[in-house]
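Student:
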Amino acid sequence: MEASKVIHAIYTDDDVLMAAVKKVKSAHHHIEEIYTPFPVHGLDKAMGLEPTRIAIASFIYGCIGLTVAIVMMNFIMIEDWPQNIGGKPSFSYIENMPAFVPIMFELTVFFAAHLMVITFYLRSRMWPFKNAENPDPRTTDDHFLMEIAVHDNEQELSNLLKETGAVEINLIDKAH
Amino acid sequence: MEYKISNRLRLTAIVLMIVGVLGVSYSFVTSGKTFEQVETMLANESHHGGGHGEEAGHDKVADHDTHASEESHAETAGHDNAESHGAHAEVDEHTKHVNHVMHAMHKRPWAAIYVAAFFFFMIALGVLAFYAVQYAAQAGWSPLLLRVMEGITAYMLPGALIVLGIAIASGLIGHYGLFVWMDPDVVAHDKLIQGKSGWLDITWFGVRGLIFIAGWWLYRHFSRKFSIAQDNADDNKNFKKTFRISAAFLVFFLYTESMMSWDWIMSVDPHWFSTLFGWYVLAGMMVCGITVIAMITIYLKSKGLLPKVNDSHIHDLAKFMFGFSIFWTYLWFSQFMLIWYSNIPEEVTYFIARFNDYQLPFLGMVAMNFVFPLLVLMNSDYKRIPWFVIMAGIVILVGHYVDIFNMIMPATVGDQWAIGIPEISSILLFAGLFIFIVFTALTKAPLEPKRNPFIKESEHFHY
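In order, the protein sequence lines correspond to chains B and S. If you want the working numbering, it's the 1-based position in the first sequence plus 916. If you want the working numbering, it's the 1-based position in the second sequence plus 487.
1. Would you list, in sequence order, the uninterrupted beta strand (DSSP E) runs of no fewer than 3 residues that lie entirely inside the segment 831-882 of chain S?
2. By Cβ distance, which residues of its chain are closer than 7 angstroms to valine 1083 (chain B), with the 5 residues on each side in sequence left out?
3. Rounded to whole angstroms, how far is the Cβ of valine 937 (chain B) from the Cβ of methionine 963 (chain B), which I believe are closer than 8 angstroms?
4. Please tell me whether tyrosine 742 (chain S) and leucine 818 (chain S) are closer than 7 angstroms, where the distance is taken between their beta carbons.
5. Between which two residues does the beta strand (DSSP E) containing tyrosine 951 (chain B) stretch?
6. Can you name the start and end residues of the alpha helix (DSSP H) that asparagine 725 (chain S) belongs to?
7. The beta strand (DSSP E) spanning aspartate 1089 (chain B) covers which residue range?
8. For serine 629 (chain S), which residues from the same chain have a beta carbon less than 7 angstroms from its beta carbon, with the 5 sequence-adjacent residues on both sides left out?
9. Taking beta-carbon pairs under 8 angstroms, can you tell me which members of the segment 817-840 of chain S lie near chain B?
10. Whole angstroms are fine: how far does the CA of methionine 772 (chain S) sit from the CA of valine 876 (chain S)?
11. Of all the residues that make up the segment 796-809 of chain S, which are near chain B by a beta-carbon distance shorter than 8 angstroms?
12. Using a beta-carbon distance below 7 angstroms, is proline 1005 (chain B) in contact with chain S?
13. Any beta-carbon of chain S closer than 7 angstroms to the one on glycine 978 (chain B)?
14. How is the beta strand (DSSP E) around alanine 1065 (chain B) delimited, first residue to last?
15. Can a CB atom of chain S be found closer than 7 angstroms to the CB of glycine 1002 (chain B)?
16. Within its chain, find whatever has a CB closer than 7 angstroms to the CB of threonine 927 (chain S); leave out the 5 residues flanking it on each side and keep chain order.
17. Is glutamine 999 (chain B) near the ligand MN - that is, is its Cβ less than 6 angstroms away from at least one heavy atom of it?
18. So what does DSSP say about alanine 985 (chain B), is it helix, strand or coil?
19. Measure the C-alpha to C-alpha separation of histidine 1059 (chain B) and glutamate 1079 (chain B) and round it to an integer number of angstroms.
20. Assuming contact is defined by CB atoms lying nearer than 7 angstroms, are phenylalanine 606 (chain S) and tyrosine 888 (chain S) in contact in what I supplied?
21. Using a Cβ-Cβ distance cut-off of 7 angstroms, determine whether aspartate 552 (chain S) contacts chain B.
22. Per DSSP, what kind of secondary structure is aspartate 552 (chain S) in: helix, strand or coil?
23. Tell me where the beta strand (DSSP E) around lysine 491 (chain S) begins and ends.
24. Suppose you measure from the CA of aspartate 844 (chain S) to the CA of phenylalanine 1016 (chain B); what does that come to, to the nearest Å?
25. Please say whether glutamate 526 (chain S) and valine 585 (chain S) have beta carbons closer to each other than 7 angstroms?
26. Give me, in chain order, the residues of the same chain whose beta-carbon lies closer than 7 angstroms to that of phenylalanine 807 (chain S); leave out the 5 immediate sequence neighbours on both sides.
27. In angstroms, rounded to a whole number, what distance separates the CA positions of glycine 1003 (chain B) and proline 1014 (chain B)?
28. What's the gap between the Cα of glycine 901 (chain S) and the Cα of serine 812 (chain S)?
29. Is valine 932 (chain B) close to chain S, meaning its C-beta is less than 7 angstroms from at least one C-beta of that chain?
30. Which residues in chain C have a C-beta closer than 8 angstroms to the C-beta of valine 1017 (chain B)? List them in chain order.
31. Leaving aside the five residues before and after phenylalanine 941 (chain S) along the sequence, list all residues of the same chain whose C-beta is less than 6 angstroms from its C-beta, in chain order.
32. Histidine 924 (chain B) and asparagine 1050 (chain B) - do their beta-carbons sit closer together than 7 angstroms?
33. For chain S, check one thing: does any of its Cβ atoms lie closer than 7 angstroms to the Cβ of proline 1014 (chain B)?
34. I'd like the span of the beta strand (DSSP E) that includes alanine 925 (chain B), first residue to last.
35. Based on the DSSP output, what are the partners of lysine 795 (chain S) in its beta bridges?
36. Among all the DSSP beta bridges, which residues are the ones paired with lysine 1004 (chain B)?
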């Protein structure tokens, strides 16, 4: 169950943020989310997030792209309208394969890249015309925001966060 | 931390060299067969074949088409005309075939030692270029590995001199065992080589080889000197000097490396040319160099001598191994596809010889240098496991040895190739020399360049 009250702690430096995350985690508080203006290396590990599975998805998409390229080139260049490729009219896919390798490579990359980006957006619940979710516009500029669930331990939490170097601590009521 | 070469390693290197020298001498001594000896040998072989005799005969005749353009430049252009005179064809064919086999046998030890010498030299030169890139780019991750690279580049000078020495000796005393354009008889009957004789001239070949080597050695000498001086300096003056000479060296290197690859490799096939050959050789050189950096780093780390090198450094080296393997494949394929597509006779013979006589090494090499690293080094976790990187590295090194083998052998020994005593003992000889020189050089300076301005960043390097 999502906590109805959260604390927003704001930092101005990624190194301070990293140290703070480690401290908050070691005090066994649950960090709901962190908003940063740029990707911070190692933040996912410090937060204890599961490793990403996008690489597996990407591999599968690449294989799909490769298959599409092979089937497509075979149909277009060999079956539907046989082509004399490089003065070698063998009309066999495998014998003309060197000519198809660039297309096979390009479509593998094309499918992997585009489908991976689309997967990433959907998995992150981002789609066109969606309203921004980040709670503070400064996180798109030079501030870092850590969101922590509050379970009647507001005082203890804000003391801890102050110690870690937060420049601002706000209690937010997230009543739906 | 100071490194001292262990007695066991030194002994291994010396044993490798002794075994190598014995094998190489043996193969030179036994290669000098006369016409009659080769004739009896071939006769015995076809008798053993029994029922296959006829088939084997067919192969030989079929092979002649390729040899006419590829292997026996010695027999030159006039040869095609001679062949069409059907009259004394039977006798001629036989003499020609025996001669062909005999020449290939004479050339084999030269080609074998040349391939191995070039392979180990190429590792050191690749590392030297990679080292210069680290300085020119002011890389922060790598300073902890710089001394390892300096150790490897110590082999550059002796290695290069040996390669050039073998190349020139093959023309002076080796009966043109490697480069047919060194043979005045061949040139006299060959219009294409005559057109290139301004460049392909043995004196000019030697002079430019020495200019290349001198340039590379000057960079290696001064960068090493500044690197050691930087250890006890209190400013970054030496580092800045290395930065400047590294940038200049890289320009010099890219031109001379290209010319070196035309001279030392591409000219074994003097009719054939490829405009991206320099790049192609460079890619192989970089993969091998980085692989050896990774292997030696892992070895020294396992001895506790590089305590500050963490698994992120290994990871980055493995990424480079992966990346340059893909780059190598890109160039290999670009070269192959354009020639295959355009199908111009004087270009395409190069690949026809390889597909006909070298199918296993030629295609096996692509599997070892591309498919294997692609699948094995793709996963990022595996790049941090030392033994995994070593195993992948061994396959990559073997693959690139075979690559050099495929560049030299078809033009020298043709279809008479094998991996036997000449090839293996040459590898042992130069492996021993390489280990001996590299690990001796590693003892000469502390393994950590402690006053390098980026050393802190390198220590904290975290991917």
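Just so it is clear, CB atoms sit at the ideal spot from N, CA and C, and this is done for glycine as well. Note that the structure is predicted; figures quoted are calculated from it, not measured.
Tutor: On the basis of the supplied data:
1. Runs of the beta strand (DSSP E) inside the segment 831-882 of chain S: none found.
2. Same-chain partners within the cutoff: Ile926, Tyr927 and Thr928.
3. Indeed, because the Cβ distance is near 6 angstroms, the residues count as touching under 8 angstroms.
4. Between tyrosine 742 (chain S) and leucine 818 (chain S), the C-beta spacing is not below 7 angstroms.
5. Counting along the chain, the beta strand (DSSP E) containing tyrosine 951 (chain B) begins and ends at 947-951.
6. It spans 724-751 - the alpha helix (DSSP H) in which asparagine 725 (chain S) sits, taken as one unbroken run.
7. Its beta strand (DSSP E) spans residues 1084-1089.
8. Closer than 7 angstroms at Cβ, skipping near neighbours: Gln621 and Ser945.
9. So the list reads Phe820, Phe823, Met824, Trp827, Tyr828, Ser829 and Asn830, given in the order they occur along the chain.
10. Their Cα atoms are separated by approximately 18 angstroms.
11. Listed by position along the chain: nothing, the set is empty.
12. For proline 1005 (chain B), the answer is no, since every Cβ of chain S falls outside 7 angstroms of its Cβ.
13. It does not; no Cβ of chain S falls within 7 angstroms.
14. Counting along the chain, the unbroken beta strand (DSSP E) around alanine 1065 (chain B) starts and ends at 1060-1065.
15. Yes, contact with chain S.
16. Closer than 7 angstroms at Cβ, skipping near neighbours: Ile492.
17. For the ligand MN, the structure offers nothing, since it holds no ligand at all.
18. Note: alanine 985 (chain B) maps to helix in three-state DSSP.
19. If you take the alpha carbons of histidine 1059 (chain B) and glutamate 1079 (chain B), they lie about 18 angstroms apart.
20. In this structure, tyrosine 888 (chain S) lies closer than 7 angstroms to phenylalanine 606 (chain S) by Cβ.
21. Any reading at aspartate 552 (chain S) must be qualified, since the residue scores a pLDDT of 42, below 50, and its modelled position is unreliable; the value itself is stated next. For aspartate 552 (chain S), the answer is no, since every Cβ of chain B falls outside 7 angstroms of its Cβ.
22. Its pLDDT being 42, under 50, aspartate 552 (chain S) is placed unreliably by the model, and the measurement read from it follows with that caveat. Aspartate 552 (chain S) falls in the helix class under three-state DSSP.
23. Segment: none, lysine 491 (chain S) is in no beta strand (DSSP E) and carries neither H nor E.
24. Taking the straight line joining both Cα atoms gives about 25 angstroms.
25. Between valine 585 (chain S) and glutamate 526 (chain S), the gap from beta carbon to beta carbon is short of 7 angstroms.
26. Only Ile777 meet the Cβ criterion.
27. Proline 1014 (chain B) has its alpha-carbon roughly 13 angstroms from the corresponding atom of glycine 1003 (chain B).
28. Glycine 901 (chain S) and serine 812 (chain S) have their alpha carbons spaced roughly 27 angstroms apart.
29. No, because no Cβ of chain S sits closer than 7 angstroms to the Cβ of valine 932 (chain B).
30. Given the protein chain composition of this structure (B and S), no chain C is represented.
31. Gly627 and Pro630, listed in sequence order.
32. Not closer than 7 angstroms, so no.
33. Yes, proline 1014 (chain B) counts as interfacial toward chain S.
34. Taken as a continuous stretch (DSSP letters only), the beta strand (DSSP E) holding alanine 925 (chain B) covers 921-927.
35. Under DSSP, lysine 795 (chain S) shares a beta bridge with no residue.
36. According to DSSP, lysine 1004 (chain B) shares a beta bridge with B:Ile1001.
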